[in-house]
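Inspection log for the structure reproduced underneath, given as structure tokens.
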Amino acid sequence: IRYAHHAEPLGVFEIYLPYAPVVTSIKADTLRAYAALALGLLLLWLGLFRTVATASRQLRRQSDHNAHQALHDALTGLPNRLLLHDRITQSLRASDRDLRPMALVLMDLDRFKEVNDTLGHRHGDNLIQQVGERLRATGRAMDTVARLGGDEFAVLLPGVDGDAGAMSAAERLRDALREPFEVAGLQLSVEASLGVVLYPSAAGDADVLLQHADVAMYVAKRSHAGIAMYDRADDHHSTERLQLLAELRTAIGEGQLVLHYQPKLHLGSGTVRGVEALVRWQHPERGLLPPSDFVPMAERTGLIHPLTEVVLRTALVQVRAWCDAGSPMPVAVNVSTRSLLNLEFPDLVLTLLTEHGVAPELLGLEITETTIMEDPQRALAVLTRLFEAGIRLSIDDFGTGYSSLAYLKRLPVHELKVDRSFVANMTRNERDRMIVNSTVALGQSLGLDVVAEGVEDAETRAALEDLGCDLAQGFLFSRPVAATDISGWATGSWATGSWAVGNSLPV
Ligand code: C2E
Ligand code: CA
Ligand code: CA
1 IRYAHHAEPL
11 GVFEIYLPYA
21 PVVTSIKADT
31 LRAYAALALG
41 LLLLWLGLFR
51 TVATASRQLR
61 RQSDHNAHQA
71 LHDALTGLPN
81 RLLLHDRITQ
91 SLRASDRDLR
101 PMALVLMDLD
111 RFKEVNDTLG
121 HRHGDNLIQQ
131 VGERLRATGR
141 AMDTVARLGG
151 DEFAVLLPGV
161 DGDAGAMSAA
171 ERLRDALREP
181 FEVAGLQLSV
191 EASLGVVLYP
201 SAAGDADVLL
211 QHADVAMYVA
221 KRSHAGIAMY
231 DRADDHHSTE
241 RLQLLAELRT
251 AIGEGQLVLH
261 YQPKLHLGSG
271 TVRGVEALVR
281 WQHPERGLLP
291 PSDFVPMAER
301 TGLIHPLTEV
311 VLRTALVQVR
321 AWCDAGSPMP
331 VAVNVSTRSL
341 LNLEFPDLVL
351 TLLTEHGVAP
361 ELLGLEITET
371 TIMEDPQRAL
381 AVLTRLFEAG
391 IRLSIDDFGT
401 GYSSLAYLKR
411 LPVHELKVDR
421 SFVANMTRNE
431 RDRMIVNSTV
441 ALGQSLGLDV
451 VAEGVEDAET
461 RAALEDLGCD
471 LAQGFLFSRP
481 VAATDISGWA
491 TGSWATGSWA
501 VGNSLPV
């Protein structure tokens, strides 16, 4: 079954007829039989033709529909990655033939996850649809706007005027999103990071072009520049990152991760209430690397799970050692979203506590507000189990997320840690001071401890005491230091409720 405008056959129809009676008929009366047979076949064929025609029409419609679905995104109706790939390949050929440059723009919305989390997926989807529509309306008819999944879009621009032309097209796309969108009765303006790659200045096929645009987009996002043009030098970053990732895998297994400890102080009495464990990577060639160099990378890959486990083990070995030395010191460990939202996480923590013979009261876990808001129900389930086991729980970076008071009231936690960004400027910025103030008040009314992070000077310390915030952490007291440097801090014992602070802390 073939249609003129369809190059490929759509189907095959087979008819089986018994031949033996035909032979007998021929023998009996050749001529009459032939005529009857011919007539029979003709009638049969005519009858079948209608059925076949209807069936094939349906088949064609279905196959058109399938073809469309395979090449388009269901939510926005825009071309998908597969079709984009095809169009890029065609466009590369046309560009070679006509000697006209073309460009590819990759775009990722900034902070889209927050929209999804706060307004719900339905409104998130609606925003994605509107963004797709806006991009399509902004481009020229010859441009291809595609959705690659999530909040990622691509725009293929055949025929641009070199670097400058590609950049101004990208700027137009970005500016198109600045005009607010109406979602759930709210006016939202959307920021995006755009990576631009020009052909033929960077040679390659569709895959290489997409990969280069991705590198540029990563650079744009990281530098908060909004738009970045692909630069071969940036590739080093991406290969360097890949190498570092491979090395991290080994580092975790080979004990290259070390913990530094920073004291959490009670301001009134100047006693150390406990320490926060902060991971560092003692890299054989690059030296001591801060967590920002490798924790986000571990979070994007599955490596965060072994990392969290190694950090917990190292911290518990240290607590055990302090206990054995007769001066137990509580330690708080930072837990990433992906580890916390793993329903098996509480079992891991409890097993490790038993393994090291450490009382749950000596272990604290710090969880960021955004982690909890990512999946409040699951977070609640995991936190409840940990809380009931007697582990101390803190909400880290408090004030930077969107947690609602309703959730906060239900969360089984002991402590809020006011984010460093508010504390750092509270003596100069009235708004920041008010945020610290209201967090302290909130903590008091919910019966939670409030810790101010990032206290760097005596003035801030005094301001905190004025507000009634009596727990603090920061460079003023001590930078995070190796475990061996801690012994000098303590002159008392945990048995008396807290450690007295020795000479090394200028309290
Ligand atoms: P965080 O949990 O908010 O940790 C506090 C960070 O503030 C630490 O940076 C600490 O060195 C720094 N800090 C403390 N006092 C001051 C101060 O007075 N002034 C300034 N400017 N900074 C101060 P660090 O060690 O680089 O850690 C950064 C982040 O990395 C941590 O933020 C935490 O989110 C993450 N992190 C650290 N260790 C781990 C870990 O073992 N696991 C996971 N998942 N994340 C970790
Ligand atoms: Ca922390
Ligand atoms: Ca923090």
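Residue numbers (the numbering used here): 1 to 507.
Beta carbons: idealized from backbone N, C-alpha and C, even for Gly.
Just so we're clear, the structure is a prediction, and the values are computed from it rather than from any experiment.
Alpha carbons only, please: which of the options is nearest the one belonging to residue i?
i: Pro330; options: Asn342, Thr337, Ala315 and Glu344; result: Ala315
i: His283; options: Ser292, Gly195, Ala251 and Leu307; result: Ala251
i: Glu361; options: Glu8, Pro180 and Gly274; result: Gly274
i: Gly120; options: His85, Val22, Glu374 and Glu369; result: Glu374
i: Met217; options: Val160, Pro101 and Leu194; result: Leu194
i: Arg57; options: Ser95, Leu446 and Gly11; result: Gly11
i: Lys409; options: Arg420, Thr400 and Pro376; result: Pro376
i: Val115; options: Pro412, Ile304, Leu476 and Val183; result: Val183
i: Leu288; options: His260, Glu276, Val310 and Ser269; result: His260
i: Asp396; options: Pro346, Leu242, Ala472 and Ile304; result: Ala472
i: Cys469; options: Gln62, Leu186 and Ser269; result: Ser269
i: Leu244; options: Asp151, Phe345, Glu276 and Leu303; result: Leu303
i: Ala213; options: His123, Arg249, Glu152 and Leu177; result: Glu152
i: Thr144; options: Asp205, Ile88, Asp98 and Ala176; result: Ile88
i: Glu453; options: Leu442, Pro480, Leu446 and Gln444; result: Pro480
i: Glu355; options: Gly390, Asp324, Phe387 and Arg313; result: Arg313
i: Val382; options: Lys27, Thr427, Arg60 and Leu348; result: Leu348
Quick check on the burial criterion: 16 or more other C-beta atoms within 10 angstroms. Buried or exposed for residue i?
i: Ser91; result: buried
i: Gln69; result: exposed
i: Leu135; result: buried
i: Phe398; result: buried
i: Glu430; result: exposed
i: Pro18; result: exposed
i: Gly595; result: The shown model of the chain, from 1 to 507, leaves out residue 595, and the question about it has no answer.
i: Leu44; result: exposed
i: Ala7; result: exposed
i: His266; result: buried
i: Met167; result: buried
i: Leu307; result: buried
i: Leu210; result: buried
i: Leu41; result: exposed
i: Val507; result: Residue placement at Val507 is flagged as unreliable, the pLDDT there being 37, under the threshold of 50; a coordinate-derived value is accordingly withheld.
i: Ser394; result: buried
i: Thr460; result: buried
i: Leu31; result: exposed
i: Ala20; result: exposed
i: His85; result: buried
i: Thr514; result: Residue 514 lies beyond the stretch modelled for the chain, which goes from 1 to 507, so this question has no answer here.
Beta-carbon separation of residue i and residue j under 9 Å?
i: Ile15; j: Pro9; result: no
i: Arg392; j: Leu363; result: yes
i: Ala103; j: Leu156; result: yes
i: Val131; j: Phe181; result: yes
i: Val440; j: Val423; result: no
i: Val418; j: Lys264; result: no
i: Asn80; j: Ala137; result: no
i: Leu83; j: His65; result: no
i: Phe112; j: Val190; result: yes
i: Ser478; j: Gln262; result: yes
i: Ala463; j: Arg420; result: no
i: Val531; j: Arg100; result: The shown model of the chain, from 1 to 507, leaves out residue 531, and the question about it has no answer.
i: Thr337; j: Thr384; result: no
i: Asn334; j: Leu380; result: no
i: Leu37; j: Val22; result: yes
i: Pro328; j: Val319; result: yes
Starting from residue i, trace the beta strand (DSSP E) in both directions and tell me its first and last residue.
i: Glu366; result: Leu363 to Thr368
i: Glu415; result: Glu415 to Val418
i: Met107; result: Met102 to Leu109
i: Ser193; result: Ala192 to Tyr199
i: Val450; result: Asp449 to Ala452
i: Pro21; result: Per DSSP, Pro21 belongs to no beta strand (DSSP E); it is in the alpha helix (DSSP H), Ala20 to Ala28.
i: Thr400; result: Note, Thr400: premise wrong, no beta strand (DSSP E); not H, not E.
If you follow the alpha helix (DSSP H) that residue i is in, where does it begin and where does it stop?
i: Thr85; result: Rather than Thr, the amino acid found at residue 85 in this sequence is His. Arg81 to Asp98 is the extent of the alpha helix (DSSP H) around His85.
i: Pro346; result: Phe345 to His356
i: Gln211; result: Ala206 to Ser223
i: His305; result: Ile304 to Asp324
i: Asn437; result: Glu430 to Leu446
i: Arg147; result: Arg147 -> not in any alpha helix (DSSP H); beta strand (DSSP E) instead, spanning Thr144 to Gly149.
i: Met167; result: Gly162 to Arg178
i: Ile128; result: His121 to Thr138
Does any residue of chain B have a CB that is nearer than 9 Å to the CB of residue i?
i: Lys417; result: Among the chains in the structure shown there is no chain B, since it carries only a single protein chain.
Which residues end up in the neighbourhood of ligand 2 when you take C-beta atoms closer than 6 Å to any of its heavy atoms?
Glu276, Asn334, Glu366 and Asp396
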